[in-house]
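Just below is one structure, and these are the notes that go with it.
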Amino acid sequence: MKTFLAFYMFLSTSVFAQEMLSPNRAIKVKLNTEVGGKFTYSVSFSGKPVMEPSQLGIIRKDGDFSKGLQIISVEKVQEVHEKYETLNAKRKSISYKANRYVFHLQNEKQQPMDLEFQLSNDGFAFRYYFPGTSPDIKYITEELTTFNFPETAVAWMQPMSDAQTGWEHCHPSYEEGYLREIKVGTPSPIKAGWVYPALFRTKDQVYVAITEAGLDGTYCGTRLQAESPKGEYRIGFPQEPEVFTGGELNPESKLPWYTPWRVIALGTLKTVSESTLGTDLAPKAIRLKSQDWIKPGKASWSWIILKDESINYDTTRMYIDFAADMKWEYCLVDVNWDTTIGYERMKELVDYAAQKQVKLLLWYNSAGSWNTTPYHPRNLLLTRESRRKEFQRIKDMGVAGVKIDFFGGDGQSMIRYYIDILNDAADIGLLINFHGATLPRGWQKTYPHLMTAEAIKGQEMVTFSQDFANEQPAHVLTAVYTRNLFDPMDFTPMTLDSIPRIHRVTTKTFELASTVLFLSGIQHLAESPMGMSNQSEDIKNYLRNLPSSWEETKFLAGEPGKYILLARRSGNKWYLGGMNGEKKTREIKVDLSFLGEGYFFEDVSRQESIRKNQKPNGKISLPAYGGIVGVFNSL
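Going by the numbering used here, the first residue of the sequence shown is number 7, and it counts up by one from there.
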C-alpha cells in the first residue's frame, strides 16, 4: 500500500524528514533530503547519536540517482517476520522481525529508484532497487553510500590487501592483521581499503558492526574505502584485477535490479555479538531434494602441521585413523593429491575411510589466470561443463566435499564464479569450503552446503611466522567480534602440542576454547596424531564429544581485541568458552546461574587442569594468553 506525499511541501524548496523505528523503538533512523534532492540518513540508539548524516545514492551510466531526487510515494510500514534454520551459526532456529520502510523515488530524468530500509531490534539494513524491465544492461559506476561516525568513535578494522600481491599473486584473500581501537578516520595502510565486518564503538558505548548481505552475482563485493575523512566511511568497489578471466568488475545487470543489503548491527556489545543480521538479510535457502547429505562436523588435516610432503597415501590413511579415533566426521586431503595419490588410490582411501565412518574432503585450485600458485588440481572448475564433470567424478567415488582455494577477488564476475560453484555443488551433492577467499556474506543461509570459508589470517600463518604467533591472541580476540560475527570462519584452530620452528605463546586451554568460540560448519582442527597422543584422556574425550553445531549462544563478557567469555548450547549441555588476548591476567565476574554441574579446564602454570562435578563460582581468572573451556548440564 502506498501513501502519496501530497501533504508534504514541494521538495525543491523544503527539507523532507522521515523517522523510522525498530520494533522496540530503541533504534531510530532518520531519512532526510537536502536542497538539491540529495538524500542522507542519520542513526540514534536509545536517544544517543550513532551516525551523523550519511550519504545515499547511486550513479548509473545512464542516470544519476544521487541528486535531483524526488519522493513519489511512501509505502505503509510493514512488519517482516521470517523464521529459518541454519547448521553453522550461533543459533539453530532463528526468528527475524523487522519494520520495513520503502520510499519510491525518481531522478531528474524521471527514472525510478526505491530505497528500502528494514529495522530490527539488533540493527538495520538498507538497499537500492531499480524497478521495471530493460532489454539492455545497466551499469553502476559509483555507489555513494557512506557511514558517518562522530569523530570520538573508535574502530576495529582489517585492511583489504591489494589485488595481485602476496605469495604467487594470490591476494586479496582477507588475510591481513587487524588495527584495533583506532580513531575513526584513520586511513587504511593499504590503498584497497577495509574489509567487512568493520566494528565501531561510540563514546556512549554503542557498538556498530557493518557488513553486506544478499550478494547474488549481480553486484560486485564491496569494501570500505581507504580514506574516511572525519570518520565518514564510503562504500568502495574492487580493484581492476579482481575479476574472473575476461569478466566484468563493477556492477551491471538488466532491470529489475536489487543491490546488496548494507547491514548495520548496533546496540550493546552483547546485542551485536548475539546478532544474526548477516544471515537474516540473506536470501532464503535454495530448494534441495534432500539435505541429508549436509552434515556439520570436525575434520583432521595433515597439511597444517606437516605441509606438502604429508599429502601421500600412507599419511592420509594415518589421518583417517586419527579422525576415526577422535570420532570426527571428516578428513581433509590437501594440495597435489591428484598426482601424489591419484584418483584410483584416492578411491581406495575413500572406501577405507567409509569403513571407519569418516568422509573425505578434497582440495582444488580455483584458478585460472589470477594466481601463479604451483598447486593442483587446477583449471578443472573454470567452466560449467568441466566443473560438473569433475564434481560428479569425485561424488561417484564417495567424496563428501571440496575445499577450493586461491580466488581472485571481489569483482562481479568472480562473485558469480563463487555462486556458480555453489549451485553446481548443490546439484551434485558436495559440501563446499572456500579458502583463500572472500567473506561469505550470509551465503551459508542461501546455500546450506557452504560449510565454511577462510577469509582470515588463520592458524596456518602461525605455523609460518613467529611474529604472527606472537600476535595471534589479540588477532583472534578481534576476529571473534568481526570476521566470525555473522559468517563461518575456517581458522583451522587448536594446536595443543608443538609447532615446528614456532614457539606457541597461547596456553593449551586458550587453544581448547577455540573449539567453542569459533563458528565453522566443518571445524578443521590443526592438531596432529602425534600431538594428540601427548594429551590427557580428559582432553581427548572432550574433543570426541564436542558438538558440531549449536542451538543457542549467550554472550557473557568481553572486550574486542582483549577477551571474551560466552556459552553455547547443544541439546541439554552448555559449553563455556573464554579467551584472554592480553599479556596480563583478566579477572571476570559473571552470572553463571544458568549452568548446572559439569566440568571445566582451566590454566595452571600453562598446563590444563580439569575440575570435575562442579562449575566456576562466578569469578573466572584468565591468565595471560590463557582460557577456560567447560561442559555443563542445562538447568
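Glycine residues also receive a C-beta, built at the ideal position from the N, C-alpha and C atoms.
Note that the structure is predicted; figures quoted are calculated from it, not measured.
Counting along the chain, the unbroken beta strand (DSSP E) around residue 215 starts and ends at 213-219. With contacts defined as CB atoms closer than 8 Å, residue 531 and residue 479 fail to qualify as a contacting pair.
Per the DSSP secondary-structure output, residue 57 pairs in a beta bridge with 49. Shown here, residue 400 sits in a helix according to DSSP, grouped into three states. Checking the DSSP bridge columns, you'll see residue 607 partnered with 616 and 635.
By the C-beta criterion, the stretch 430-450 is judged to be in contact with the stretch 283-290, since at least 3 inter-stretch pairs fall below 8 Å. The beta carbon of residue 280 sits closer than 8 Å to those of 96, 128, 559, 560 and 561, all from its chain and outside the five residues before and after it, given in chain order. Beta-bridge pairing by DSSP links residue 263 to 136.
Note that the C-beta distance between residue 322 and residue 355 is below 8 Å. When the five nearest sequence neighbours on each side are left out, the beta carbons in the same chain lying within less than 6 Å of the beta carbon of residue 193 are those of 232 and 233, in order along the chain. Less than 8 Å separates the beta-carbon of residue 390 from that of residue 430. Secondary-structure assignment with DSSP links residue 559 through a beta bridge to 574.
In this structure residue 502 touches residue 533 by the C-beta definition: roughly 5 Å separates them, less than 8 Å. Secondary-structure assignment with DSSP links residue 22 through no beta bridge to anything.
The C-beta separation of residue 204 from residue 216 comes to about 5 Å, placing the pair in contact by the 8 Å criterion. No residue range can be given for residue 83, since it is assigned to no beta strand (DSSP E) and is classified by DSSP as neither H nor E. Within the same chain, no residue comes within 6 Å of residue 385 by CB-CB distance, once the 5 residues on both sides are set aside. Bridge partners of residue 100 according to DSSP: 90. Non-local beta-carbon contacts of residue 84 in its own chain, meaning distances under 7 Å to residues more than five positions away in sequence, involve 106 in chain order. An exposed status is given to residue 30, since fewer than 16 other beta-carbon atoms sit within 10 Å of its beta-carbon. The beta-bridge partner set that DSSP reports for residue 495 is empty. Assignment of beta-bridge partners to residue 108 by DSSP yields 122. Shortest Cα-Cα distance from residue 521 to any of 409, 378 and 304 involves 304. Contact between the stretch 218-231 and the stretch 399-413 is not established, with fewer than three Cβ pairs separated by less than 8 Å. Across the structure, residue 426 and residue 219 are spaced so that their CA atoms are roughly 17 Å apart. From the listed residues 114, 368, 411 and 379, the smallest Cα separation to residue 404 is found for 368. Under the criterion of beta carbons closer than 8 Å, residue 547 and residue 602 do not qualify as touching, at roughly 19 Å. Put simply, the backbone Cα of residue 582 is about 43 Å away from that of residue 46. Partner residues in the beta bridge of residue 601, as assigned by DSSP, are 640. For residue 530, the enclosing beta strand (DSSP E) starts and ends at 528-530. Proximity to residue 94 across 614, 612 and 529 peaks at 529, based on C-alpha coordinates. Sorting 120, 87, 169 and 43 by C-alpha distance to the C-alpha of residue 79 places 120 at the top.
For the alpha helix (DSSP H) assignment, the uninterrupted runs of no fewer than 4 residues enclosed by the stretch 455-539 are, from N- to C-terminal side, 465-470, 472-485, 514-523 and 535-538. Assignment of beta-bridge partners to residue 583 by DSSP yields 572 and 635.
The C-beta distance from residue 155 to residue 71 rounds to 24 Å, too long to meet the 8 Å contact threshold.
With respect to the C-alpha of residue 260, the residue from 57, 103 and 143 having the closest C-alpha is 143.
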